[in-house]
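Engineer:
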Amino acid sequence: QSAKYAAHVPKSGVFPQGFQVGSVASGVKKNGTLDLGILVNTNKSYESSAASVFTTNKFKAAPVILSQRVLEEKKGKGINAIVVNSGCANSVTGEIGLKDASQMAKLIDEKLGATSSSTLIMSTGVIGQRLQMDKISKGISKIFTDNSFGSDFNSWLNIAKSICTTDTFPKLVTSNFTMNNGTQYTLTGMAKGAGMICPNMA
Amino acid sequence: TLLGFIVTDLPIESQALSKMLRYATDRSFNCISVDGDMSTNDTINMIANGAVKTDEITEDSPEFLQVRDQVTQFAQKLAQLVVRDGEGATKFVTVKVQNSSTFADARTIAESISNSMLVKTALYGKDANWGRILCAIGYAKLETLDSLQTDKLNVSFIATDNSEPRELKLLVNGVPQLNIDEERASQILALPDLEVLVDLGTGNEEAQFWTCDLSHEYVTINGDYRS
Numbered sequence: 003q004s005a006k007y008a009a010h011v012p013k014s015g016v017f018p019q020g021f022q023v024g025s026v027a028s029g030v031k032k033n034g035t036l037d038l039g040i041l042v043n044t045n046k047s048y049e050s051s052a053a054s055v056f057t058t059n060k061f062k063a064a065p066v067i068l069s070q071r072v073l074e075e076k077k078g079k080g081i082n083a084i085v086v087n088s089g090c091a092n093s094v095t096g097e098i099g100l101k102d103a104s105q106m107a108k109l110i111d112e113k114l115g116a117t118s119s120s121t122l123i124m125s126t127g128v129i130g131q132r133l134q135m136d137k138i139s140k141g142i143s144k145i146f147t148d149n150s151f152g153s154d155f156n157s158w159l160n161i162a163k164s165i166c167t168t169d170t171f172p173k174l175v176t177s178n179f180t181m182n183n184g185t186q187y188t189l190t191g192m193a194k195g196a197g198m199i200c201p202n203m204a
Numbered sequence: 003t004l005l006g007f008i009v010t011d012l013p014i015e016s017q018a019l020s021k022m023l024r025y026a027t028d029r030s031f032n033c034i035s036v037d038g039d040m041s042t043n044d045t046i047n048m049i050a051n052g053a054v055k056t057d058e059i060t061e062d063s064p065e066f067l068q069v070r071d072q073v074t075q076f077a078q079k080l081a082q083l084v085v086r087d088g089e090g091a092t093k094f095v096t097v098k099v100q101n102s103s104t105f106a107d108a109r110t111i112a113e114s115i116s117n118s119m120l121v122k123t124a125l126y127g128k129d130a131n132w133g134r135i136l137c138a139i140g141y142a143k144l145e146t147l148d149s150l151q152t153d154k155l156n157v158s159f160i161a162t163d164n165s166e167p168r169e170l171k172l173l174v175n176g177v178p179q180l181n182i183d184e185e186r187a188s189q190i191l192a193l194p195d196l197e198v199l200v201d202l203g204t205g206n207e208e209a210q211f212w213t214c215d216l217s218h219e220y221v222t223i224n225g226d227y228r229s
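Chains Y and A, in that order, give the protein sequences.
When we follow this note's numbering, the leftmost residue of the first sequence carries the number 3, and every step to the right adds one.
When we follow this note's numbering, the leftmost residue of the second sequence carries the number 3, and every step to the right adds one.
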């Protein structure tokens, strides 16, 4: 495992302008490791665009349903935050799960002063259990209250760690590109996944 | 569950961004398999915040295809990391299907091989069991058999460490190579990275899937996940 970590986890990186990330150990995960992360767009000079692909599994988890609704309502414009949690998938949790996912997004929208839904949600972990919203709410508040947001390498690495479940290393990739017209830009991505992996997203 | 996001500081119009992400996903995250299971939560989000001062990229922009292809390559890197960290995985395996009459058929065959539990256990056991690969090709859920003609089918293992011979042919134009160099086969299958190459010989399209082996450790992890 340590060899995989050394081989695949970067030690530094350059990240896109206008994004900040924060993470915290909310206590949902039993081992006290990072399990909640928030990405926010801080650039105000352009109304952001967003797109997503989602599982085609007939049983879609609450965060999937909620995020689809937000994207449709906003027509892919003005999405300024993503919240992720690990330890509980908030899946097959019915109306209560939808309410919890909605509350997660609302807490962030309020902190960002958004007048309409502007947050996408992702959850991973055990299926069929309710989110511990007391811990999630406190965790979200803590990230904002402590101003845990940063745009440095460690902040990005930590948010990548915050969505890990059985992963043995966080998956963080960042690259600079130059377009034919000379414009330089950056892509940064993170992912998690180790099992239940054969996606067919649309 | 697969979760992830990609963010960029380019300004990209939302419909163009959606097309880019779908194209990239169909060639990256939708082309990986650890265990063949699909989650209720799989999601990839992408946000473009336009912090870089340049013209907004639309589907008609001259830069659209270039950025789309860069996003695709980037997404492939990220997707491959997920496979490398597959639960209990000891090998990273690229399944390449080339010279197919359609991309869809190439992808379907690559997926069928990548999801075969018997292929994956053979890879773990360093067993050059090409018969299982052929079996998985044969039951791939193709809509027609236009891409699959048995007398044009070639299957090989490819070494990825620059050792020679790089290619070990297992099936040539539908004929099994009965005198396979078992020692070379064992050497290739002992590599942590290797490639299974399938040449259908029926067209010009190709697709790749990335998979891993299936080990005892996978059972250990997943026999005790919820509790």
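All C-beta atoms in this analysis are idealised placements derived from N, C-alpha and C, irrespective of residue type, glycine included.
1) What residues in the segment 127–152 of chain A have a beta carbon less than 9 Å from any beta carbon of chain Y?
2) What's the gap between the Cα of residue 149 of chain A and the Cα of residue 142 of chain A?
3) Assuming residue 25 of chain A contacts residue 70 of chain A (C-beta within less than 8 Å), just tell me the rounded distance between them.
4) What is the DSSP secondary structure of residue 203 of chain Y, counted as helix, strand or coil?
5) Distance, Cα to Cα, residue 96 of chain Y vs residue 126 of chain Y?
6) Closer than 7 Å, Cβ to Cβ, to anything on chain Y: give me those residues from the segment 26–46 of chain A, in chain order.
7) If you check the beta carbons only, do residue 193 of chain Y and residue 125 of chain A fall under 9 Å apart?
8) Here's the rule: buried if 16 or more other CB atoms are within 10 angstroms of the residue's CB, otherwise exposed. What is residue 32 of chain Y?
9) In the DSSP assignment, what residue or residues form a beta bridge with residue 214 of chain A?
10) Taking Cβ positions only, does residue 72 of chain A come closer than 9 Å to chain Y?
11) Does DSSP put residue 87 of chain Y in a helix, in a strand, or in coil?
12) From what residue to what residue does the beta strand (DSSP E) around residue 187 of chain Y run?
13) What does residue 79 of chain A reach in chain Y if we use C-beta pairs closer than 9 Å?
14) Please report the residue range of the beta strand (DSSP E) in which residue 171 of chain A lies.
15) Counting only beta-carbon separations shorter than 9 Å, does residue 164 of chain A have a partner in chain Y?
16) Closer than 7 Å, Cβ to Cβ, to anything on chain Y: give me those residues from the segment 102–116 of chain A, in chain order.
17) Report the start-end ranges of each alpha helix (DSSP H) in the segment 83–153 of chain A that is 4 residues or longer and not cut off at the edges.
18) Name, please, each residue of chain A whose Cβ falls closer than 8 Å to the Cβ of residue 168 of chain Y.
19) By DSSP's criteria, residue 10 of chain A is part of a beta bridge. Which residues make up the other side?
20) Go ahead and pull the three-state DSSP assignment for residue 166 of chain A.
21) Answer yes if the segment 178–186 of chain Y comes into contact with the segment 15–29 of chain A, meaning at least three C-beta pairs across the two stretches below 8 Å, and no otherwise.
22) Taking the alpha carbon of residue 55 of chain Y as the point to measure from, which residue in A/168, A/175, A/42 has its own alpha carbon closest?
23) Could you give the distance in angstroms between the alpha-carbon of residue 56 of chain A and the alpha-carbon of residue 178 of chain Y?
24) Less than 9 Å between the C-beta atoms of residue 215 of chain A and residue 201 of chain Y, yes or no?
25) Over the uninterrupted beta strand (DSSP E) stretch that includes residue 160 of chain A, give me the two end residues.
26) Could you please give me the residues that DSSP links to residue 172 of chain Y through a beta bridge?
27) Quick check: the Cα distance between residue 198 of chain A and residue 204 of chain Y, rounded to an integer number of angstroms?
28) Three-state secondary structure (DSSP) at residue 127 of chain Y?
29) Could you give the DSSP three-state label for residue 58 of chain A: helix, strand or coil?
30) Determine, using beta carbons only, whether residue 197 of chain Y comes closer than 9 Å to chain A.
31) Against chain A, does residue 31 of chain Y count as a neighbour if the rule is that its beta carbon must be under 9 Å from one of theirs?
32) Could you tell me if residue 7 of chain Y is buried or exposed, where buried requires 16 or more neighbouring beta carbons within 10 angstroms of its beta carbon?
33) Mind listing the chain Y neighbours of residue 76 of chain A? Cutoff is C-beta to C-beta under 7 Å, in chain order.
Structural biologist: With the structure as the only source:
1) Residues: none.
2) One-based indexing of the second sequence puts residue 149 of chain A at position 147. One-based indexing of the second sequence puts residue 142 of chain A at position 140. C-alpha separation (whole angstroms): 11 Å.
3) For the purposes of this step, residue 25 of chain A is taken as the residue at position 23 of the second sequence. For the purposes of this step, residue 70 of chain A is taken as the residue at position 68 of the second sequence. Indeed they touch by this definition, with Cβ atoms about 6 Å apart.
4) Counting from 1 along the first sequence, the entry for residue 203 of chain Y is found at position 201. Note: residue 203 of chain Y maps to coil in three-state DSSP.
5) Numbered from 1 along the first sequence, position 94 holds the residue referred to as residue 96 of chain Y. Numbered from 1 along the first sequence, position 124 holds the residue referred to as residue 126 of chain Y. The alpha-carbon atoms of residue 96 of chain Y and residue 126 of chain Y are separated by roughly 16 Å.
6) 27, 31, 32, 34, 35, 36, 37, 38, 39, 40, 41, 42, 43, 44, 45, 46
7) Within the first sequence, the letter at position 191 stands for residue 193 of chain Y. Within the second sequence, the letter at position 123 stands for residue 125 of chain A. Taking the C-beta atoms as reference points, residue 125 of chain A is found no nearer than 9 Å to residue 193 of chain Y.
8) Here residue 32 of chain Y corresponds to residue number 30 of the first sequence, with the count starting at 1. Residue 32 of chain Y sits exposed, since fewer than 16 C-beta atoms from the chains shown fall within 10 Å of its C-beta.
9) Stepping through the second sequence from its first residue, residue 214 of chain A is reached at position 212. The partner list for residue 214 of chain A (beta bridge, DSSP) reads A/94.
10) Here residue 72 of chain A is taken as the residue at index 70 of the second sequence, counted from 1. By this cut-off, residue 72 of chain A is an interface position.
11) Sequence index remark: in the first sequence, residue 87 of chain Y carries index 85 (1-based). In the structure shown, residue 87 of chain Y sits in a strand (DSSP, three-state: E or B).
12) Stepping through the first sequence from its first residue, residue 187 of chain Y is reached at position 185. 186–194 is the span of the beta strand (DSSP E), which, as asked, contains residue 187 of chain Y.
13) Here the question's residue 79 of chain A lines up with position 77 in the second sequence. Those are 175, 177, 191, listed as they occur along chain Y.
14) If you number the second sequence from 1, residue 171 of chain A lands on position 169. From DSSP, the beta strand (DSSP E) with residue 171 of chain A extends over 169–174.
15) One-based indexing of the second sequence puts residue 164 of chain A at position 162. So, not an interface residue.
16) none
17) 105–117, 119–126, 132–140
18) As a working note, residue 168 of chain Y is residue 166 in the first sequence. Near residue 168 of chain Y (Cβ distances below 8 Å), the residues of chain A are 89, 223, 227.
19) As a first step, residue 10 of chain A must be located in the second sequence, where it is residue number 8. BP columns for residue 10 of chain A point to Y/189, A/50.
20) Locating residue 166 of chain A in the second sequence gives position 164, where the first residue counts as 1. Under the three-state reduction of DSSP, residue 166 of chain A is assigned to coil, being neither helix nor strand.
21) At 8 Å Cβ cutoff, the stretches do not touch.
22) For this step, residue 55 of chain Y is matched to residue 53 along the first sequence. Ranking A/168, A/175, A/42 by Cα distance to residue 55 of chain Y puts A/42 first.
23) To locate residue 56 of chain A, count along the second sequence from 1; it is residue 54. To locate residue 178 of chain Y, count along the first sequence from 1; it is residue 176. If you take the alpha carbons of residue 56 of chain A and residue 178 of chain Y, they lie about 16 Å apart.
24) The residue you call residue 215 of chain A lines up with position 213 of the second sequence. The residue you call residue 201 of chain Y lines up with position 199 of the first sequence. No; because the gap between Cβ atoms is not below 9 Å, this pair is not in contact.
25) As a working mapping, residue 160 of chain A is identified with position 158 in the second sequence. Taken as a continuous stretch (DSSP letters only), the beta strand (DSSP E) holding residue 160 of chain A covers 156–161.
26) Within the first sequence, numbered from 1, the residue matching residue 172 of chain Y stands at position 170. Per DSSP, none; premise fails for residue 172 of chain Y.
27) Counting from one through the second sequence, the residue named residue 198 of chain A turns up at place 196. Counting from one through the first sequence, the residue named residue 204 of chain Y turns up at place 202. Looking at the two C-alpha atoms, the distance is approximately 27 Å.
28) Sequence index remark: in the first sequence, residue 127 of chain Y carries index 125 (1-based). Residue state, collapsed to three classes: strand.
29) Counted from its first residue, the second sequence places residue 58 of chain A at position 56. Residue 58 of chain A falls in the coil class under three-state DSSP.
30) Position 195 of the first sequence, counted from the start, is the residue given in the question as residue 197 of chain Y. At least one chain A Cβ lies under 9 Å of residue 197 of chain Y.
31) Here residue 31 of chain Y refers to the residue found at position 29 when the first sequence is read from its first residue. It does not: the Cβ of residue 31 of chain Y has no partner Cβ on chain A nearer than 9 Å.
32) The sequence position of residue 7 of chain Y within the first sequence is 5, counting from 1. Exposed is the call here.
33) In the second sequence, residue 76 of chain A corresponds to position 74, counting from 1. Here the neighbours are 175, 177, 189, 191.
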